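K.L.:
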Ligand SMILES: Cc1cc2nc3c(=O)[nH]c(=O)nc-3n(C[C@H](O)[C@H](O)[C@H](O)COP(=O)(O)OP(=O)(O)OC[C@H]3O[C@@H](n4cnc5c(N)ncnc54)[C@H](O)[C@@H]3O)c2cc1C
């Protein structure tokens, strides 16, 4: 049994604590603020008497580690799972476009979804499919020094494709702008989403607050294992 020190009680630190304690190690976790959860948290709004998340959080089937984390917490019922990818995008003047992968089977259902995604013109759809197809041949090391935006542009993705799809995906999942985000991490994410089965591209939405879905169950789980927490005094 190893003695482990985890610095930071956000979702990353807390899930590390669950994994290590499951493996039988002794954990101490240090958190700089007076609450756990980091950027994953909900608060109670007195005015509306509702629990509100700090921002809408969605997950994808490709989040294998997060979904593995949910197993021992027994909060799977607090998440709404899609069978196939289905996402509705709204553009200006309330124009609505759907990415629907319910027809055909994987991976052809994803191809059909892109082909029928009318926020893109035919040329943009072809370039999109070519780009996704090229992912298996790319040497990802070369992407370490470039931004997501530069990579998308140099891969033939138009401004409209970037605005209508890539930016939404990158900002939502990596929580960073296209200019700041690393093409390397985006590449790994895309490979996971498009190349690891049908489930990976599906969207999962918590139907309860983030604290109830993740943070409180993690704390209960860890407290049963007598994990010690230290909150740093300001
Ligand atoms: C509005 C919003 C919407 C989002 N939507 C999505 C989404 O839809 N899908 C998605 O996948 N992700 C989303 N995210 C991103 C997601 O919330 C984060 O990626 C995730 O919570 C990061 O967890 P983390 O543990 O890595 O970091 P953090 O949550 O930032 O946790 C880091 C913790 O470490 C502590 N800390 C820092 N330095 C020290 C130190 N020196 N000593 C001790 N403690 C320290 C901090 O206080 C904090 O508690 C969203 C984020 C926001 C803000």
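Residue numbers (our numbering): 5 to 238.
Cβ atoms here follow ideal geometry from the backbone N, Cα and C, with glycine treated the same way.
Remember, predicted model here, so these are calculated numbers, not experimental data.
(1) The alpha helix (DSSP H) that contains residue 154, what's its start and end?
(2) Would DSSP call residue 229 helix, strand or coil?
(3) Skipping 5 residues on each side, what residues in its chain have a beta carbon closer than 6 angstroms to that of residue 150?
(4) I want to check one thing, is the minimum distance from the CB of residue 61 to the heavy atoms of ligand 1 below 7 angstroms?
(5) With hydrogens ignored, establish whether the beta-carbon of residue 180 is closer than 7 angstroms to any heavy atom of ligand 1.
(6) As an exercise, report each continuous alpha helix (DSSP H) stretch of at least 4 residues that is fully enclosed by the stretch 97-157, in chain order.
(7) Which residue wins for smallest C-alpha separation from residue 65, given the options 83, 103, 217?
(8) Starting from residue 68, follow the alpha helix (DSSP H) in both directions and report where the run begins and ends.
(9) Which of helix, strand or coil does DSSP assign to residue 165?
(10) Examine ligand 1 and report whether any of its heavy atoms sits within less than 7 angstroms of the Cβ of residue 152.
(11) What number of angstroms, rounded off, separates the C-alpha of residue 51 from the C-alpha of residue 57?
(12) Which whole-angstrom value is the C-beta distance of residue 34 and residue 11, which I expect to be below 8 angstroms?
(13) Please determine, among 145, 215, 196, 147, the residue with the shortest C-alpha to C-alpha distance to residue 111.
(14) Cβ-heavy atom distance between residue 44 and ligand 1 below 7 angstroms?
(15) Is residue 95 closer than 8 angstroms to residue 123 when the C-beta atoms are compared?
(16) So, is residue 163 buried or exposed, given that buried needs 16 or more other C-beta atoms within 10 angstroms?
(17) Helix, strand or coil for residue 64 per DSSP?
(18) What's the gap between the Cα of residue 106 and the Cα of residue 48?
(19) Rounded to the nearest angstrom, what separates residue 133 and residue 218 at their Cα positions?
P.N.:
Checking against the coordinates, here is how it stands:
(1) The residue given as residue 154 occupies position 150 in the chain shown. Annotation for residue 154: the continuous alpha helix (DSSP H) segment containing it runs 152-158.
(2) Translated into positions along the chain shown, residue 229 becomes position 225. Three-state DSSP puts residue 229 in coil, outside helix and strand.
(3) Counted from its first residue, the chain shown places residue 150 at position 146. Non-local beta-carbon contacts of residue 150 in its own chain, meaning distances under 6 angstroms to residues more than five positions away in sequence, involve 187 in chain order.
(4) As a working mapping, residue 61 is identified with position 57 in the chain shown. Residue 61: yes, Cβ under 7 angstroms from ligand 1.
(5) The count along the chain shown starts at 1 and reaches residue 180 at position 176. For residue 180, the shortest separation between its Cβ and any heavy atom of ligand 1 does not lie below 7 angstroms.
(6) Taking only runs of at least 4 residues, the alpha helix (DSSP H) segments lying wholly in the stretch 97-157 are 112-119, 126-138.
(7) To locate residue 65, count along the chain shown from 1; it is residue 61. Checking every option, the nearest Cα to that of residue 65 belongs to 83.
(8) One-based indexing of the chain shown puts residue 68 at position 64. Under the DSSP assignment, residue 68 falls in the alpha helix (DSSP H) whose first and last residues are 68-77.
(9) Taking the first residue of the chain shown as position 1, residue 165 is located at position 161. Correct three-state label for residue 165: helix.
(10) Working through the chain shown from its first residue, we reach residue 152 at position 148. Distance from the C-beta of residue 152 to the nearest heavy atom of ligand 1 is not below 7 angstroms.
(11) In the chain shown, the residue the question calls residue 51 occupies position 47. In the chain shown, the residue the question calls residue 57 occupies position 53. Going from the Cα of residue 51 to the Cα of residue 57 covers about 15 angstroms.
(12) Position 30 of the chain shown, counted from the first residue, corresponds to residue 34. Position 7 of the chain shown, counted from the first residue, corresponds to residue 11. Indeed, because the Cβ distance is near 5 angstroms, the residues count as touching under 8 angstroms.
(13) As a first step, residue 111 is located in the chain shown; it is residue number 107 there, counting from the start. Comparing Cα positions, the closest option is 196.
(14) As a first step, residue 44 is located in the chain shown; it is residue number 40 there, counting from the start. When distances are taken from the beta-carbon of residue 44 to the heavy atoms of ligand 1, the shortest one is below 7 angstroms.
(15) Locating residue 123 in the chain shown gives position 119, counting from the first residue. Locating residue 95 in the chain shown gives position 91, counting from the first residue. Yes, the pair counts as a contact, with Cβ atoms nearer than the cut-off.
(16) In the chain shown, the residue the question calls residue 163 occupies position 159. It is exposed - the Cβ of residue 163 has fewer than 16 other Cβ atoms within 10 Å.
(17) Along the chain shown, read from residue 1 onward, the residue named residue 64 stands at position 60. Residue state, collapsed to three classes: strand.
(18) Within the chain shown, numbered from 1, the residue matching residue 106 stands at position 102. Within the chain shown, numbered from 1, the residue matching residue 48 stands at position 44. Roughly 37 angstroms separates the two Cα atoms.
(19) Along the chain shown, read from residue 1 onward, the residue named residue 133 stands at position 129. Along the chain shown, read from residue 1 onward, the residue named residue 218 stands at position 214. Answer to the nearest angstrom: the Cα atoms are 35 angstroms apart.
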